[in-house]
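When the sequence shown is numbered by my numbering, its final residue is 1539 and no position is left out of the sequence of numbers. First up is the structure itself, then whatever we jot down about it.
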Amino acid sequence: MGKKVELYEYFIEKTWDLTEEWYASLGDSQGGVYGSRDPKVVETLKKQNHDFHVNFSSIFNKGEKEFFEDFQEWVTAIAQDEAHLATPITDIIREFFRTQNQYLDLVEEYALLYKGMVPYEEITAWKRAIVNGISEIILRFSCENAKAAEEKSNAQQEMIIELSSPVIILANKTGLLPLIGEINTYRAKVMFENTLQKSAKHGLERLFIDLSGVPVIDTMVVHQIFQLIKGLDLIGVRTSLSGIRPDIAQTAVHLGIQFKDIEVYSTLTQALKTRELTGN
């Protein structure tokens, strides 16, 4: 049996020892997932760490390509894990390096156990493989973690935007879209998609869009709003606009947008009253 295979078996036998040693060495001031004292969180964290050791030990009995391909599942799972997403990336990378030191110490321990039987060059090669392996895993983890964090942030932003531009269902297949706050290009895009979907879902025939709560609208956003009106028209929804200020009107005229087929009211109350939806 080659020394490399023996080293693999030596590491595999010590995976749980490595995990317990690592967890015991975590300081009380650790933040994120490492600072939790919740038994379930601790149990999950230890299992994740142990799975790392089982995967990483195979660096001594697999080719480089196969090793990293097999390891990717662990990397992706941890990068997308909610507890790790809530932990500063610097803390996570620090733990990778502490684990690297555990492996380097274990190689030294193995070399002493077989003193004189393992060439210095072979020990050096093992250490280099460990350092290179950890470095590559850190890079892969950082990429996956950044991607997962961005996706989570985008999902939260879309939820906030959706809540900030709700389609309120009124009577007689009529809806209201009250826009409040600053509208940027991204919010306008999400608003366009959500409004079309909700209008179609509820079978609306008319939608009131009130702009009185919007302080500033740029050229791109005005264009997007009128694209929304065109889109609504294509699915059979008539649109009424209210709260259009002079600056918005000027921007629309500058863009060549025609109001002739759109019902425009100075206030939302006037719009609803005209359509007999105020109860007055």
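In this text, a Cβ means the ideal position worked out from N, Cα and C, and glycines have one as well. If you're wondering where the values come from, they're calculated on a predicted model, not measured in any experiment.
The alpha helix (DSSP H) enclosing PRO1505, as first and last residue numbers: Position 246 of the sequence shown, counted from the start, is the residue given in the question as residue 1505. Counting along the chain, the alpha helix (DSSP H) containing PRO1505 begins and ends at 1505-1513.
For GLY1434, the residue or residues it bridges with in DSSP: Start at 1 with the first residue of the sequence shown, and residue 1434 comes out as number 175. GLY1434 is bridged by DSSP to ILE1428 and LEU1466.
GLY1440 to ILE1476 span [Cα, whole Å]: What you label residue 1440 is simply residue 181 of the sequence shown in a count that begins at 1. What you label residue 1476 is simply residue 217 of the sequence shown in a count that begins at 1. GLY1440 and ILE1476: Cα-Cα distance of roughly 10 Å.
Proximity below 8 Å, CB of GLU1464 to CB of GLY1490: Residue mapping note: residue 1464 aligns to position 205 of the sequence shown, counting from 1. Residue mapping note: residue 1490 aligns to position 231 of the sequence shown, counting from 1. Not in contact: GLU1464 and GLY1490 (Cβ atoms no closer than 8 Å).
Beta-bridge pairing of SER1501 - partner residues as DSSP gives them: The residue you call residue 1501 lines up with position 242 of the sequence shown. Paired residues: ASP1469 and TYR1524.
Simplified DSSP assignment, three categories, for ILE1419: Translated into positions along the sequence shown, residue 1419 becomes position 160. Helix.
The region 1401-1409 touching the region 1333-1346, judged by at least three CB pairs closer than 8 Å: yes
Anticipated Cβ contact below 8 Å, LYS1305 with TYR1282, distance rounded: Reading the sequence shown from its first residue, position 46 is the one you call residue 1305. Reading the sequence shown from its first residue, position 23 is the one you call residue 1282. Rounded, the Cβ-Cβ distance is 6 Å, consistent with contact.
Rounded distance between the beta-carbons of PHE1467 and SER1499, thought under 8 Å: To locate residue 1499, count along the sequence shown from 1; it is residue 240. To locate residue 1467, count along the sequence shown from 1; it is residue 208. Rounded to the nearest angstrom, the Cβ distance from SER1499 to PHE1467 is 5 Å, consistent with a contact under 8 Å.
As assigned by DSSP and simplified to three states, the class of ILE1382: Along the sequence shown, read from residue 1 onward, the residue named residue 1382 stands at position 123. In the displayed model, ILE1382 falls within a helix according to three-state DSSP.
Same chain only: Cβ atoms within 6 Å of GLY1434, ignoring 5 sequence neighbours per side: Counting from 1 along the sequence shown, the entry for residue 1434 is found at position 175. Setting aside the 5 residues that flank it on each side, GLY1434 is surrounded in the same chain by VAL1426, ILE1428, LEU1463 and LEU1466, each with a C-beta closer than 6 Å to its C-beta; the list follows chain order.
Alpha carbon of VAL1377 to alpha carbon of TYR1267, nearest angstrom: The residue given as residue 1377 occupies position 118 in the sequence shown. The residue given as residue 1267 occupies position 8 in the sequence shown. Each residue's alpha carbon lies about 14 Å from the other.
Proximity of GLN1361 and VAL1390 at Cβ, strictly below 8 Å: In the sequence shown, residue 1361 corresponds to position 102, counting from 1. In the sequence shown, residue 1390 corresponds to position 131, counting from 1. Not in contact: GLN1361 and VAL1390 (Cβ atoms no closer than 8 Å).
Buried or exposed (CB count within 10 angstroms, at least 16 for buried), TRP1385: Start at 1 with the first residue of the sequence shown, and residue 1385 comes out as number 126. With 16 or more Cβ atoms within 10 Å of its Cβ, TRP1385 is classed as buried.
Selected residue, minimal CA-CA separation from LEU1470, among SER1458, THR1478 and SER1501: Locating residue 1470 in the sequence shown gives position 211, counting from the first residue. Of the listed residues, the one whose Cα sits closest to LEU1470 is SER1501.
Local conformation of ILE1318 per DSSP, three classes: Residue mapping note: residue 1318 aligns to position 59 of the sequence shown, counting from 1. For ILE1318, the three-state secondary structure derived from DSSP is helix.
Own chain, CB closer than 6 Å to HIS1312, minus 5 neighbours either side, in chain order: For the purposes of this step, residue 1312 is identified with residue 53 of the sequence shown, where counting begins at 1. Take HIS1312, set aside five residues on each side of it, and the residues of its chain with a beta-carbon closer than 6 Å to its own are THR1274 and LEU1277, in chain order.
Length of the line joining the Cα atoms of ILE1382 and ARG1357: Taking the sequence shown and counting its residues from 1, one reaches residue 1382 at position 123. Taking the sequence shown and counting its residues from 1, one reaches residue 1357 at position 98. Rounded to the nearest angstrom, the two C-alpha atoms are 20 Å apart.
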